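Chains as they are written, first to last, in our numbering: chain S, 1340 to 1776; chain L, 186 to 475.
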């Protein structure tokens, strides 16, 4: 038997892919998380109140989602409801993360695949027109930076935010700060749209070149988003069937009734399924679950996607295009929110420590994230992190097998396979630090 | 353009076991794009080896498994200068919370999986294995600090402690009697967080971060480690200093502060930074710390 091993890059964390080939047939495709973070163990015994500061350190890419999920889990235990203004500030924080993450995935992780460069910073050295490509890199980084600035404004710190607290957030947003952010968002929204248009064209050209959009078999989709507009801060998880019919809707504390979890010998990350079936989380899941985005430009892109690919759409390379729609949405929604008064009431309510069990849900860029804590004597007795990347593991492996079958035959292994492996994995934008928390 | 770029200094970024927050901070500091050539950084480039003529190596994350040890040693041999970036690479970081017997047992139960890197019993700072030329502490270091580390570490204009960069006023007549919970209470603007009863470590934590946590109202958790005044001394001296500041500014019983500082769980970051002076390793000289 031949084992092909592919190192991975332009993803968050340490992972590799192994494809096993026997007699010209792909017999297995494994996605292996090769690092182990272990937060679920080492937060045991820490004071519950510190979790919102500790858990962002699970991952510097997804820190905002962990920060907010952690605060929500503790609010569930301490039985406090944050003021509406605090919820709005938290939504802005999550929008900042969505901008930063989708821009990173689109432009830093996957755009080089579309122009045949090894990185966005080397794009000026690749074959195509250097002037144009250097421009791409600079514009991309500027668009991404808008997300960073929004996280800093709404979250205080730029990577491991601190402003969400149990019972609310530390402060509202002053008019002059909101205006400064608005000006930046408005200046860069058209830049983001142009970049996304270019990205869309590059993707169509890539499809022409490689002849496929990747694994297009139907799957279940999971997200905690809304129907008529994305909701990043909801309390309900929804599941869509492969036929586009909604199959389930449940609160985070019921997740075990719907999701099956298993561990493997070859990876430090586990895998979840929807009652034994392959499911997908992340951008494509949210877009398949949404009737509209609720903002004008994002809705235009959604129409274009639906018109071109139908609904629900299943090919995996559409994850990338869906990220672009969400990038535009996040800009528009942040502009909408920052145009309003964000100082209209107190931003937090008092709480007192309590023992018990609680769940906190947010829709992270990679899908629904749940923090589940048991608190005893004010300390964490048990912590569980239900990670979106883990929901995608079976779908990633299925898509890798499809790619393997395309490029492996009895006679030879097509060198395109290595590139295909990279494209497949990046379409899911997995986060290994989170998956092995 | 290609030839011009190739004459720029070349640097590589090796990410060991960590959260990638340092890498994200580096991407945020995009000014280096014009001044340096990034030759290796798996998060953003598809180059799988560090080229032989690389000058600077930035290492983030702690040494958590045997593959980390191998990759670190091999990379350090290639380059002229090694910069340890972030709390995990410098002192083990947040992963040090796993350095407790009961947790280590749970952790090690995971460590023998089929053909996966073998976990070490604890997360080590990188200078356990290689010589480090410059330390850049912070969780993560700010983009400004990254730029300074790459271009002009000696010329960096940072304050000795976070307090100086914070600008909140210390009041003589506002003396809390007990520590507030880590997140509890309404934070008053412009007034020192210690006056408000928060366990803020800004009075002895290394400056240079521009007080990005304390200014919006979150107590300093000490992620940049002790200031030059304490960094070459046993961690007890640092703790005593924090204690003295609280005695001067508050009526909180000294036992309460002492307990808070010495409980490994309560003082998460202090706990991490005690590793600055751990065991038989000579102290890291302050000249090497940005």
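For glycine and all other residues, C-beta sits at the position ideal for the given N, C-alpha and C.
As the structure is a computational prediction, the values presented were derived from the model and not from experiment.
- Starting from residue 1370 of chain S, follow its DSSP beta bridges and name the residues at the other end. Position 31 of the first chain, counted from the first residue, corresponds to residue 1370 of chain S. S:1356, per the DSSP bridge assignment.
- Message: Does the structure place the stretch 1514-1529 of chain S close enough to the stretch 1676-1686 of chain S that three or more beta carbon pairs sit under 8 Å?
- Response: The stretch 1676-1686 of chain S is in contact with the stretch 1514-1529 of chain S.
- Task: Grab me the residues of residue 1464 of chain S's own chain with a C-beta within less than 7 Å of its C-beta, minus the 5 sequence neighbours each way, in chain order.
- Result: By 1-based counting over the first chain, the position of residue 1464 of chain S is 125. Caution applies to residue 1464 of chain S, whose pLDDT of 48 falls short of 50 and renders its modelled position unreliable; the value that the coordinates give is listed next. Closer than 7 Å at Cβ, skipping near neighbours: no residue.
- Whole-angstrom distance between residue 1701 of chain S and residue 1565 of chain S, CA atom to CA atom: Indexing the first chain from 1 puts residue 1565 of chain S at position 226. Indexing the first chain from 1 puts residue 1701 of chain S at position 362. If you take the alpha carbons of residue 1565 of chain S and residue 1701 of chain S, they lie about 12 Å apart.
- According to DSSP, is residue 1621 of chain S helix, strand or coil? Your numbering for residue 1621 of chain S matches position 282 in the first chain. Three-state result, residue 1621 of chain S: coil.
- Query: Would residue 242 of chain L pass as a contact of residue 214 of chain L if the rule is Cβ separation under 8 Å?
  - Reply: For the purposes of this step, residue 242 of chain L is identified with residue 57 of the second chain, where counting begins at 1. For the purposes of this step, residue 214 of chain L is identified with residue 29 of the second chain, where counting begins at 1. Going by C-beta atoms, residue 242 of chain L is not nearer than 8 Å to residue 214 of chain L.
- Message: Closer than 8 Å is the cut-off here; do at least three beta carbon pairs connect the stretch 198-210 of chain L with the stretch 1379-1394 of chain S?
- Response: no
- Query: Does the count of Cβ pairs from the stretch 232-250 of chain L and the stretch 1402-1415 of chain S closer than 8 Å reach three?
  - Reply: Using a C-beta cut-off of 8 Å, the stretch 232-250 of chain L makes no contact with the stretch 1402-1415 of chain S, since fewer than three inter-stretch Cβ pairs fall below that distance.
- Task: Helix, strand or coil for residue 1713 of chain S, going by three-state DSSP, please let me know.
- Result: Numbered from its first residue, the first chain carries residue 1713 of chain S at position 374. Correct three-state label for residue 1713 of chain S: strand.
- Item | Of the listed residues S:1428, S:1366 and S:1624, nearest to residue 1705 of chain S (C-alpha basis) | Position 366 of the first chain, counting from 1, holds the residue named residue 1705 of chain S. For residue 1705 of chain S, the nearest C-alpha among the options comes from S:1624.
- Roughly how many angstroms separate the alpha carbons of residue 1760 of chain S and residue 1607 of chain S, rounded to a whole number? Position 421 of the first chain, counted from the start, is the residue given in the question as residue 1760 of chain S. Position 268 of the first chain, counted from the start, is the residue given in the question as residue 1607 of chain S. Per the coordinates, the alpha-carbon of residue 1760 of chain S lies some 20 Å from the alpha-carbon of residue 1607 of chain S.
- Item | Candidates S:1355, S:1733 and S:1348, of which the one nearest residue 1823 of chain S by Cα | An answer regarding residue 1823 of chain S cannot be provided, because it is not within the stretch 1340 to 1776 covered by chain S.
- Output yes if chain S places a C-beta closer than 8 Å to the C-beta of residue 403 of chain L; else output no. Here residue 403 of chain L corresponds to residue number 218 of the second chain, with the count starting at 1. For residue 403 of chain L, the answer is yes, since a Cβ of chain S falls inside 8 Å of its Cβ.
- How would you list, in chain order, the residues of chain L whose beta-carbon sits under 9 Å from the beta-carbon of residue 1732 of chain S? Position 393 of the first chain, counted from the first residue, corresponds to residue 1732 of chain S. In chain order: nothing, as chain L lies at least about 15 Å away.
- Item | Helix, strand or coil at residue 1805 of chain S [DSSP, three-state] | There is simply no residue 1805 of chain S to check, as chain S begins at 1340 and stops at 1776 in what is shown.
- Message: Quick check: what's the CA-CA separation for residue 224 of chain L versus residue 1681 of chain S?
- Response: Translated into the one-based positions of the second chain, residue 224 of chain L becomes position 39. Translated into the one-based positions of the first chain, residue 1681 of chain S becomes position 342. Their Cα atoms are separated by approximately 44 Å.
- Examine the Cβ distances between the stretch 225-234 of chain L and the stretch 340-350 of chain L and report whether three or more of them are shorter than 8 Å. no
- Query: If we call anything under 8 Å between Cβ atoms a contact, is residue 1714 of chain S one with residue 1695 of chain S?
  - Reply: By 1-based counting over the first chain, the position of residue 1714 of chain S is 375. By 1-based counting over the first chain, the position of residue 1695 of chain S is 356. Yes.
- Task: Please check the pair residue 1683 of chain S and residue 1634 of chain S, which I expect to be a contact at CB under 8 Å, by giving their CB distance rounded to whole angstroms.
- Result: On the first chain, residue 1683 of chain S is found 344 positions in, with the first residue counted as 1. On the first chain, residue 1634 of chain S is found 295 positions in, with the first residue counted as 1. With a Cβ gap of about 23 Å, residue 1683 of chain S and residue 1634 of chain S do not count as contacting.
- Count the C-beta pairs between the stretch 346-360 of chain L and the stretch 300-319 of chain L that are closer than 8 Å, then say yes if the count reaches three, no if not. By the Cβ test, the stretch 346-360 of chain L is not in contact with the stretch 300-319 of chain L, since fewer than three Cβ pairs between them sit closer than 8 Å.
- Query: Exposed or buried, which one is residue 420 of chain L when buried takes at least 16 other CB atoms within 10 Å?
  - Reply: Against the second chain, residue 420 of chain L aligns to sequence position 235. Buried, because 16 or more other Cβ atoms sit within 10 Å of the Cβ of residue 420 of chain L.
- Would you mind giving the Cβ-Cβ distance between residue 1405 of chain S and residue 1373 of chain S, rounded to the nearest angstrom? I have them listed as a contact below 8 Å. Counted from its first residue, the first chain places residue 1405 of chain S at position 66. Counted from its first residue, the first chain places residue 1373 of chain S at position 34. The pair is not a contact, with the Cβ atoms about 22 Å apart (cut-off 8 Å).
- Task: May I have the straight-line CA-CA distance separating residue 219 of chain L from residue 1645 of chain S, to the nearest angstrom?
- Result: As a first step, residue 219 of chain L must be located in the second chain, where it is residue number 34. As a first step, residue 1645 of chain S must be located in the first chain, where it is residue number 306. The alpha-carbon atoms of residue 219 of chain L and residue 1645 of chain S are separated by roughly 40 Å.
- Message: Strictly under 8 Å for the Cβ-Cβ distance: is residue 1380 of chain S near chain L by that measure?
- Response: Walking along the first chain from the start, residue 1380 of chain S turns up at place 41. True, the Cβ-Cβ gap to chain L drops below 8 Å.
- Query: beta strand (DSSP E) containing residue 1345 of chain S: first to last residue?
  - Reply: By 1-based counting over the first chain, the position of residue 1345 of chain S is 6. Element bounds for residue 1345 of chain S: 1341-1346.
- Message: Looking at chain L, is there any beta carbon in it that lies within less than 8 Å of the beta carbon of residue 1375 of chain S?
- Response: Position 36 of the first chain, counting from 1, holds the residue named residue 1375 of chain S. Taking Cβ atoms only, chain L reaches closer than 8 Å to residue 1375 of chain S, which makes this a yes.
- Query: List, in order along the chain, the chain L residues whose C-beta lies closer than 8 Å to that of residue 1457 of chain S?
  - Reply: The residue labelled residue 1457 of chain S in the question sits at position 118 within the first chain. Under the 8 Å cutoff, chain L gives 230, 231 and 232.
- Message: For residue 1778 of chain S, which residues in the same chain have their Cβ closer than 7 Å to its Cβ, ignoring the five residues on either side in sequence?
- Response: Outside the shown range of chain S, which is 1340 to 1776, sits residue 1778 of chain S, and nothing can be said about it.
- Could you tell me whether the Cβ atoms of residue 270 of chain L and residue 207 of chain L are closer together than 8 Å? Locating residue 270 of chain L in the second chain gives position 85, counting from the first residue. Locating residue 207 of chain L in the second chain gives position 22, counting from the first residue. Yes, the pair counts as a contact, with Cβ atoms nearer than the cut-off.
- Does the Cβ of residue 1375 of chain S have 16 or more other Cβ atoms within 10 Å, making it buried, or fewer, making it exposed? On the first chain, residue 1375 of chain S is found 36 positions in, with the first residue counted as 1. Residue 1375 of chain S should be labelled buried.
- residue 371 of chain L to residue 1508 of chain S, Cα distance in whole Å? Numbered from 1 along the second chain, position 186 holds the residue referred to as residue 371 of chain L. Numbered from 1 along the first chain, position 169 holds the residue referred to as residue 1508 of chain S. In a straight line, the C-alpha of residue 371 of chain L is about 10 Å away from that of residue 1508 of chain S.
- Which value, in whole angstroms, describes the spacing of the CA atoms of residue 337 of chain L and residue 331 of chain L? Stepping through the second chain from its first residue, residue 337 of chain L is reached at position 152. Stepping through the second chain from its first residue, residue 331 of chain L is reached at position 146. So the two alpha carbons sit approximately 10 Å from each other.
- Query: On the three-pair Cβ rule with 8 Å, is the stretch 1483-1495 of chain S touching the stretch 1428-1446 of chain S?
  - Reply: yes
- Query: By the criterion of Cβ-Cβ separation under 7 Å, what are the contact partners of residue 299 of chain L in chain S?
  - Reply: Taking the first residue of the second chain as position 1, residue 299 of chain L is located at position 114. Within 7 Å Cβ-Cβ: 1604 and 1605.
- Query: Taking Cβ-Cβ distances shorter than 7 Å, what residues in chain L pair up with residue 1400 of chain S?
  - Reply: The residue given as residue 1400 of chain S occupies position 61 in the first chain. In chain order: 205 and 209.
- Message: Shorter than 7 Å, the distance from the beta carbon of residue 1341 of chain S to the closest heavy atom of the ligand FAD, or not?
- Response: Of ligands this structure carries none, so the ligand FAD is not represented either.
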